[in-house]
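Single-structure report; data block below.
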Amino acid sequence: MEPLFINQAGASYAVGGIVLSFFVAPFALFGYAIGRWIDRTQKRFFSIIFGLVCAGFGILFFSFATTPFWFCFFAALASVGFAFFYVSINGIFDSLSDHHRRGHMTGVWQAAEDIGFVLGPIAGGIIADFIGMRGAFFVFGALFLMLTLPVIFVRRNIQFYEKKAA
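At the far end of the sequence shown sits residue 390, using our numbering, and the numbering has no gaps.
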(Lines of atoms letter the chains of each structure in order from A; the text may use other names.)
(Lines give C-alpha, C1' and ligand atoms only; values in the text may rest on other atoms or scores of the structure.)
Protein backbone atom coordinates (compact mmCIF):
# COMPACT_ATOMS: atom_id res chain seq x y z
CA MET A 225 0.00 0.00 0.00
CA GLU A 226 2.90 2.36 0.69
CA PRO A 227 3.89 3.03 -2.97
CA LEU A 228 0.23 3.62 -3.89
CA PHE A 229 -0.25 5.99 -0.96
CA ILE A 230 2.91 7.90 -1.79
CA ASN A 231 1.85 8.15 -5.43
CA GLN A 232 -1.49 9.58 -4.29
CA ALA A 233 0.49 12.15 -2.30
CA GLY A 234 2.12 13.30 -5.54
CA ALA A 235 5.39 11.36 -5.64
CA SER A 236 6.40 8.81 -8.25
CA TYR A 237 6.14 5.04 -7.83
CA ALA A 238 9.96 4.97 -7.77
CA VAL A 239 9.95 7.21 -4.71
CA GLY A 240 7.28 4.91 -3.28
CA GLY A 241 9.63 1.96 -3.73
CA ILE A 242 12.45 3.84 -2.01
CA VAL A 243 10.17 4.73 0.89
CA LEU A 244 9.05 1.10 1.12
CA SER A 245 12.70 0.09 1.55
CA PHE A 246 12.89 2.41 4.57
CA PHE A 247 10.29 0.19 6.24
CA VAL A 248 12.77 -2.71 5.98
CA ALA A 249 16.35 -1.39 5.85
CA PRO A 250 16.70 -0.25 9.49
CA PHE A 251 15.31 -3.59 10.66
CA ALA A 252 17.91 -5.41 8.57
CA LEU A 253 20.73 -3.10 9.64
CA PHE A 254 20.01 -2.98 13.37
CA GLY A 255 18.23 -6.27 14.14
CA TYR A 256 21.43 -8.12 15.05
CA ALA A 257 22.73 -5.33 17.31
CA ILE A 258 19.34 -4.98 18.98
CA GLY A 259 19.25 -8.72 19.64
CA ARG A 260 22.72 -8.64 21.23
CA TRP A 261 21.70 -5.66 23.37
CA ILE A 262 18.52 -7.43 24.53
CA ASP A 263 20.48 -10.58 25.43
CA ARG A 264 23.08 -8.56 27.34
CA THR A 265 20.64 -6.31 29.23
CA GLN A 266 17.59 -8.60 29.45
CA LYS A 267 15.38 -5.61 28.60
CA ARG A 268 12.83 -7.65 26.69
CA PHE A 269 9.74 -5.96 28.18
CA PHE A 270 11.18 -2.50 27.52
CA SER A 271 12.06 -3.55 23.97
CA ILE A 272 8.54 -4.79 23.26
CA ILE A 273 6.94 -1.58 24.57
CA PHE A 274 9.55 0.64 22.88
CA GLY A 275 9.07 -1.26 19.63
CA LEU A 276 5.29 -0.98 19.67
CA VAL A 277 5.46 2.74 20.50
CA CYS A 278 8.07 3.50 17.79
CA ALA A 279 6.21 1.44 15.20
CA GLY A 280 2.87 2.93 16.21
CA PHE A 281 4.01 6.54 16.08
CA GLY A 282 6.03 5.90 12.93
CA ILE A 283 3.00 4.54 11.09
CA LEU A 284 0.64 7.11 12.62
CA PHE A 285 2.84 10.05 11.59
CA PHE A 286 3.49 8.39 8.22
CA SER A 287 -0.21 8.91 7.55
CA PHE A 288 0.33 12.69 7.81
CA ALA A 289 3.58 12.86 5.81
CA THR A 290 3.59 14.89 2.61
CA THR A 291 7.21 14.86 1.38
CA PRO A 292 9.60 12.02 0.52
CA PHE A 293 11.87 12.99 3.43
CA TRP A 294 9.09 12.62 6.00
CA PHE A 295 7.79 9.44 4.39
CA CYS A 296 11.29 7.94 4.67
CA PHE A 297 11.84 9.27 8.19
CA PHE A 298 8.61 7.86 9.61
CA ALA A 299 9.03 4.58 7.72
CA ALA A 300 12.49 4.23 9.28
CA LEU A 301 11.07 5.02 12.74
CA ALA A 302 8.46 2.29 12.28
CA SER A 303 11.15 -0.12 11.10
CA VAL A 304 13.31 0.49 14.18
CA GLY A 305 10.22 -0.18 16.28
CA PHE A 306 9.55 -3.41 14.42
CA ALA A 307 13.15 -4.49 15.00
CA PHE A 308 12.87 -4.03 18.77
CA PHE A 309 9.46 -5.70 18.89
CA TYR A 310 10.16 -8.70 16.66
CA VAL A 311 13.59 -9.48 18.08
CA SER A 312 12.14 -9.39 21.62
CA ILE A 313 9.16 -11.56 20.76
CA ASN A 314 11.31 -14.06 18.89
CA GLY A 315 13.50 -14.34 21.98
CA ILE A 316 10.45 -15.13 24.10
CA PHE A 317 9.34 -17.80 21.67
CA ASP A 318 12.80 -19.30 21.80
CA SER A 319 12.75 -19.38 25.60
CA LEU A 320 9.29 -21.00 25.58
CA SER A 321 10.65 -24.08 23.88
CA ASP A 322 13.18 -26.63 24.90
CA HIS A 323 15.72 -27.72 22.32
CA HIS A 324 13.39 -30.49 21.08
CA ARG A 325 10.50 -28.13 20.27
CA ARG A 326 12.27 -25.13 18.76
CA GLY A 327 11.18 -26.05 15.25
CA HIS A 328 7.59 -26.36 16.43
CA MET A 329 7.66 -22.98 18.20
CA THR A 330 9.33 -21.34 15.21
CA GLY A 331 6.60 -22.80 13.00
CA VAL A 332 3.87 -21.42 15.27
CA TRP A 333 5.41 -17.95 15.21
CA GLN A 334 6.00 -18.04 11.44
CA ALA A 335 2.43 -19.19 10.79
CA ALA A 336 1.05 -16.35 12.94
CA GLU A 337 3.26 -13.86 11.13
CA ASP A 338 2.22 -15.18 7.72
CA ILE A 339 -1.46 -14.98 8.66
CA GLY A 340 -0.80 -11.32 9.48
CA PHE A 341 0.85 -10.82 6.08
CA VAL A 342 -2.32 -12.19 4.45
CA LEU A 343 -4.94 -10.48 6.60
CA GLY A 344 -3.11 -7.16 7.07
CA PRO A 345 -3.30 -6.03 3.43
CA ILE A 346 -6.92 -7.18 3.20
CA ALA A 347 -7.83 -5.20 6.33
CA GLY A 348 -5.79 -2.24 5.09
CA GLY A 349 -7.58 -2.29 1.75
CA ILE A 350 -11.01 -2.45 3.37
CA ILE A 351 -10.15 0.40 5.73
CA ALA A 352 -8.72 2.43 2.82
CA ASP A 353 -11.97 1.90 0.88
CA PHE A 354 -13.92 3.46 3.74
CA ILE A 355 -11.64 6.22 5.04
CA GLY A 356 -8.83 6.54 2.50
CA MET A 357 -5.16 5.59 2.48
CA ARG A 358 -4.17 8.13 5.14
CA GLY A 359 -6.91 6.77 7.36
CA ALA A 360 -5.70 3.20 6.91
CA PHE A 361 -2.17 4.10 8.02
CA PHE A 362 -3.58 6.15 10.90
CA VAL A 363 -5.70 3.19 12.08
CA PHE A 364 -2.76 0.76 11.92
CA GLY A 365 -0.51 3.19 13.79
CA ALA A 366 -3.14 3.64 16.47
CA LEU A 367 -3.56 -0.15 16.68
CA PHE A 368 0.14 -0.63 17.45
CA LEU A 369 -0.07 2.04 20.14
CA MET A 370 -3.13 0.37 21.67
CA LEU A 371 -1.31 -2.98 21.71
CA THR A 372 1.01 -1.59 24.37
CA LEU A 373 -1.84 -1.89 26.91
CA PRO A 374 -2.23 -5.69 26.83
CA VAL A 375 1.56 -6.03 26.87
CA ILE A 376 1.70 -4.01 30.09
CA PHE A 377 -0.76 -6.48 31.65
CA VAL A 378 1.50 -9.45 30.86
CA ARG A 379 4.65 -7.75 32.15
CA ARG A 380 5.23 -10.34 34.87
CA ASN A 381 5.12 -13.16 32.34
CA ILE A 382 7.62 -11.37 30.11
CA GLN A 383 9.94 -10.73 33.05
CA PHE A 384 9.67 -14.42 34.00
CA TYR A 385 10.88 -15.41 30.54
CA GLU A 386 13.64 -12.81 30.72
CA LYS A 387 14.94 -14.51 33.87
CA LYS A 388 14.49 -17.97 32.37
CA ALA A 389 16.44 -16.99 29.25
CA ALA A 390 19.30 -15.48 31.27
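Idealized CB from N, CA, C, for every residue including glycine.
In the three-state reduction of the DSSP assignment, glutamine 232 falls in the helix class. With contacts defined as CB atoms closer than 8 Å, valine 243 and phenylalanine 295 qualify as a contacting pair. Excluding residues up to 5 positions away in sequence, Ile262, Phe308 and Ser312 lie with their Cβ nearer than 6 Å to the Cβ of serine 271 in the same chain. In the displayed model, methionine 370 falls within a helix according to three-state DSSP. Where alanine 307 is concerned, the enclosing alpha helix (DSSP H) starts and stops at 292 to 320.
The three-state secondary structure of serine 287, taken from DSSP, is coil. Cβ-Cβ separation between arginine 358 and serine 303: approximately 20 Å, too far for a contact (criterion under 8 Å). In this structure leucine 301 does not touch leucine 371 by the C-beta definition: roughly 16 Å separates them, more than the 8 Å allowed.
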